[in-house]
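Taking our numbering, I'd label the letters of the sequence shown as residues 826 to 1030.
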Amino acid sequence: MFTENSEKLVGAAAQQTVQRMGEAAANFLAGLSTDQRAKARLDFADQVERTTWHYTPTPRQGLPFTEMDRQQQRLAQRLIMAGLSREGYNVATTIMGIETLLDAKEGFRSDLWWRDSRLYYVTVFGEPDGQKPWGWRFEGHHISLNFTIVGGQIVSPTPTFFGSNPASSPLMGGQTLRPLAGIEDLARQLMHELSAEQQATALLT
826 MFTENSEKLV GAAAQQTVQR MGEAAANFLA GLSTDQRAKA RLDFADQVER
876 TTWHYTPTPR QGLPFTEMDR QQQRLAQRLI MAGLSREGYN VATTIMGIET
926 LLDAKEGFRS DLWWRDSRLY YVTVFGEPDG QKPWGWRFEG HHISLNFTIV
976 GGQIVSPTPT FFGSNPASSP LMGGQTLRPL AGIEDLARQL MHELSAEQQA
1026 TALLT
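As structure tokens, then:
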């Protein structure tokens, strides 16, 4: 599982997860300047922005890593890790790094402004003190994580998106980097088990 498993989304375990998220979000916001905080924190009642998500390169609300210093980036990474399993965090950071591979593949073109492994945005909706509903989002090319917390419970860990382009990259020693290998292989196995009629229903192109 890339996100926290279902057992951690209910009961005492969920409260601990929510507490970690709240503390990480509060520490992140506290480590920002006034101008940065104005970008990073939006109103939870802004339902249009809060429910908008993209995994493609596009202008976004929130504070990007490109506008954070290293300590602020670490605070953001702590928040991201609070919502992901260790495997999920590793996958997310690998996907971010792959942007540099795409940049090289495309010839480091100046017009492709979005080819930047730091062009990922953190947004906190509302106040993460738990008194009222709040949420947070981490998003950029091929990643979209969205969490909504109400009454000390994670009522929605979705939408969640992980993608990878290229899906595989050669490494030294004949090894291959496949960030989504496990879930890709499982999905292909599932499709092979379906009938032609079921495949037509399940596959969106």
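In this text, a Cβ means the ideal position worked out from N, Cα and C, and glycines have one as well.
*How is the beta strand (DSSP E) around Tyr880 delimited, first residue to last?*
Start at 1 with the first residue of the sequence shown, and residue 880 comes out as number 55. No beta strand (DSSP E) holds Tyr880; DSSP gives it neither H nor E.
*Do the CB positions of Leu1033 and Ala917 come within less than 8 Å of each other?*
One cannot answer for residue 1033 here, as it falls past the ends of the chain, which runs 826 to 1030.
*asked:* Just to confirm before moving on: does the CB-CB distance between Val949 and Ala838 stay below 8 Å?
replied: Here residue 949 is taken as the residue at index 124 of the sequence shown, counted from 1. Here residue 838 is taken as the residue at index 13 of the sequence shown, counted from 1. The answer is no: Cβ separation not under 8 Å.
_CB contact flag (Asn971, Pro991, <8 Å)_ = Translated into positions along the sequence shown, residue 971 becomes position 146. Translated into positions along the sequence shown, residue 991 becomes position 166. It is not a contact, given that the beta carbons lie outside the stated cut-off.
*Which runs of the alpha helix (DSSP H) fall wholly inside the region 885-967 and span at least 4 residues, in chain order?*
895-907 and 911-930
*Please classify Gly887: is it buried, with 16 or more other beta-carbons within 10 angstroms of its beta-carbon, or exposed?*
Position 62 of the sequence shown, counted from the start, is the residue given in the question as residue 887. Under this definition Gly887 is a buried residue.
*Beta bridge counterpart(s) of Pro1034 as assigned by DSSP*: Residue 1034 cannot be examined here, being either before or after the span of the chain that is shown, 826 to 1030.
_Beta-carbon within less than 8 Å of Leu1019's beta-carbon, same chain only, minus the 5 sequence neighbours each way: which residues are those?_
Sequence index remark: in the sequence shown, residue 1019 carries index 194 (1-based). Once the five neighbours on either side are set aside, the close Cβ partners of Leu1019 are Ala1027.
*Reference His967, options Leu900, Pro953, Pro982 and Arg943, closest by Cα*: Counted from its first residue, the sequence shown places residue 967 at position 142. Minimum Cα distance to His967 is reached at Arg943.
*Identify, in the order they occur along the chain, each residue of the same chain with its Cβ nearer than 6 Å to the Cβ of Gln861, setting aside the five sequence neighbours on each side.*
Within the sequence shown, numbered from 1, the residue matching residue 861 stands at position 36. Excluding positions up to five away in sequence, the list reads Leu888.
*Starting from Thr859, follow the alpha helix (DSSP H) in both directions and report where the run begins and ends.*
If you number the sequence shown from 1, residue 859 lands on position 34. Where Thr859 is concerned, the enclosing alpha helix (DSSP H) stretches over Thr859 to Ala865.
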